[in-house]
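In my numbering, the protein residues as written are 8 to 116. Virtual Cβ for every residue (Gly too), placed ideally from N, Cα, C.
Written as structure tokens, this is what we have:
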């Protein structure tokens with residue numbers, strides 16, 4: 008998955024929550040100009056800034072995986088509720104499976 012694909016998820020969540028680019032930029036401690044460049048694919052957020060954006064928008068890693076797979080009818084709450092019954096190793100396997108599935112779908116498989 009590319010930085011741009013991750014930023015598409017962040018942008019969709021930002022818009023869904025009716026937040027401006029300035030809101031997120033301020034929330035993660037960067038300039039609006041840099042944030043706009045990141046959303047448009049002209050620049051990249053540092054990992055710490057990306058994690059801060061996820062925190063600011065209240066996005067979990069599971070949300071990120073589901074959004075990237077475009078699984079609209081399944082909510083993160085659904086998966087999280089089911090995942091709570093799994094062992095830590097099984098939860099890790101579930102996320103790895105979701106990400107592999109996403110990569111395969113990008114390749115047309």
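Cutoff 7 Å; reference residue 20; Cβ partners in own chain excluding five residues on either side | Residue 20 sits at position 13 when you count from the first residue of the chain shown. Take residue 20, set aside five residues on each side of it, and the residues of its chain with a beta-carbon closer than 7 Å to its own are 64 and 66, in chain order.
Residue 49 versus residue 74 - alpha carbon distance | As a working mapping, residue 49 is identified with position 42 in the chain shown. As a working mapping, residue 74 is identified with position 67 in the chain shown. One C-alpha to the other measures close to 22 Å.
Alpha-carbon to alpha-carbon, residue 76 and residue 31 = Working through the chain shown from its first residue, we reach residue 31 at position 24. Working through the chain shown from its first residue, we reach residue 76 at position 69. One alpha carbon belongs to residue 31, the other to residue 76, and they sit about 23 Å apart.
Taking the continuous alpha helix (DSSP H) assigned at residue 32, which residues delimit it?
-> Position 25 of the chain shown holds residue 32. Looking at the DSSP string, the run of the alpha helix (DSSP H) that includes residue 32 is 28-35.
So does the region 100-110 actually touch the region 32-46, counting three or more Cβ pairs closer than 8 Å?
-> Between the region 100-110 and the region 32-46, the count of C-beta pairs closer than 8 Å stays below three; the two stretches do not touch.
Inter-residue spacing [alpha-carbon to alpha-carbon] between residue 12 and residue 95 | Position 5 of the chain shown, counted from the first residue, corresponds to residue 12. Position 88 of the chain shown, counted from the first residue, corresponds to residue 95. Going from the Cα of residue 12 to the Cα of residue 95 covers about 27 Å.
In angstroms, rounded to a whole number, what distance separates the CA positions of residue 56 and residue 38?
-> In the chain shown, counting from the first residue as 1, residue 56 sits at position 49. In the chain shown, counting from the first residue as 1, residue 38 sits at position 31. If you draw a straight line from the Cα of residue 56 to the Cα of residue 38, it is about 12 Å long.
Report the three-state DSSP secondary structure of residue 66 (helix, strand or coil).
-> Within the chain shown, residue 66 is the residue found at index 59, counting from 1. The three-state reading of DSSP puts residue 66 in coil, since its state is none of H, G, I, E or B.
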